[in-house]
Amino acid sequence: MNELTIGMQEAAPASSLQSLLRKTHSQKIGRNEPCPCQSGKKFKKCCMP
76 MNELTIGMQE AAPASSLQSL LRKTHSQKIG RNEPCPCQSG KKFKKCCMP
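For the sequence shown, my numbering gives the first residue as 76, with consecutive numbering after it.
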């Protein structure tokens, strides 16, 4: 097993991963903003759930 894990880094602490997730969710897309899928449509007409 040691041969497989020689070049691997240690796992990141969960606290650093949680802060990354919070940053991703804090950016809301407005209904009238262009859709992030690059379709050219408004978000509300394209990918809004």
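The beta-carbon is built from N, C-alpha and C at its ideal position, and this holds for glycine as well. Fair warning: this is a prediction, and the values are worked out from it, not measured in the lab.
{"query": "Coarse secondary structure for K117, derived from DSSP in three states", "result": "strand"}
{"query": "Whole-angstrom distance between Q93 and E108, CA atom to CA atom", "result": "27 Å"}
{"query": "Where the alpha helix (DSSP H) through E78 begins and ends", "result": "77-80"}
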